[in-house]
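Participant: One structure coming up, written as structure tokens, with questions to follow.
The structure is reproduced here in structure tokens:
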């Protein structure tokens, strides 16, 4: 009988201990959304960085619940600085499981290379599995110069 009571107490302690991480877990709210959007918020924003990527690089997929879809790059660098105007071209893509992907228009970013922010906005574009692809770095569409971006924000 004593062994059964001890086992029950041990099980209760373990059950309570398992709940502690849940109580400490963050809860998503409108205040947690980075940036926000007109007409709604996106809790699935990507806030990341890129280091030494080449043309062809694909970002993680995310679900952007409201349109427009916006991608911002901050503090960009390429491996061949000083050889003309630095730029990168990106394309927003909606991944489709059962049909060809929807490839939306390409945008060229240049302002982030001079310490500013490059901003791309795809009006009316939203989807369940959106990602962007680096199409060119300094005009190179094949493996060539690398691109590093200190902050990438997609929302």
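In the working numbering, the protein residues as written are 7 to 161. From the three backbone atoms N, C-alpha and C, an ideal C-beta is built for every residue, glycine too. As the structure is a computational prediction, the values presented were derived from the model and not from experiment.
Could you tell me if residue 126 is buried or exposed, where buried requires 16 or more neighbouring beta carbons within 10 angstroms of its beta carbon?
Facilitator: Residue 126 should be labelled buried.
Participant: Can the beta-carbon of residue 101 be found closer than 8 Å to that of residue 137?
Facilitator: Result yes, Cβ atoms of residue 101 and residue 137 sit closer than 8 Å.
Participant: Of all the options 61, 72, 64 and 54, which has the alpha carbon lying nearest to the alpha carbon of residue 131?
Facilitator: Checked all of 61, 72, 64 and 54; the closest Cα to residue 131 is 72.
Participant: Residue 149 to residue 114, Cα distance in whole Å?
Facilitator: Their backbone Cα atoms lie some 18 Å apart in a straight line.
Participant: Going by C-alpha to C-alpha distance, which of 123, 96 and 135 sits closest to residue 200?
Facilitator: Outside the displayed range of the chain (7 to 161) lies residue 200, so it cannot be described from this structure.
Participant: Can you tell me the Cα-Cα spacing of residue 82 and residue 134, whole angstroms?
Facilitator: Near 28 Å, if we compare the C-alpha coordinates of residue 134 and residue 82.
Participant: Measure from the alpha carbon of residue 84 to the alpha carbon of each residue in 151, 158 and 90, then state which is nearest.
Facilitator: Comparing Cα-Cα distances from residue 84 to each of 151, 158 and 90, the minimum goes to 151.
Participant: Take residue 110 and list the residues in its own chain whose beta-carbon comes closer than 6 Å to its own, dropping the five residues that flank it on each side.
Facilitator: These residues qualify, in order along the chain: 98, 128 and 131.
Participant: Could you check what DSSP says for residue 61 in three-state terms: helix, strand or coil?
Facilitator: If DSSP states are grouped into helix, strand and coil, residue 61 belongs with coil.
Participant: Relative to the C-alpha of residue 59, which candidate in 160, 143 and 76 has its C-alpha closest?
Facilitator: Cα-wise, what sits closest to residue 59 is 143.
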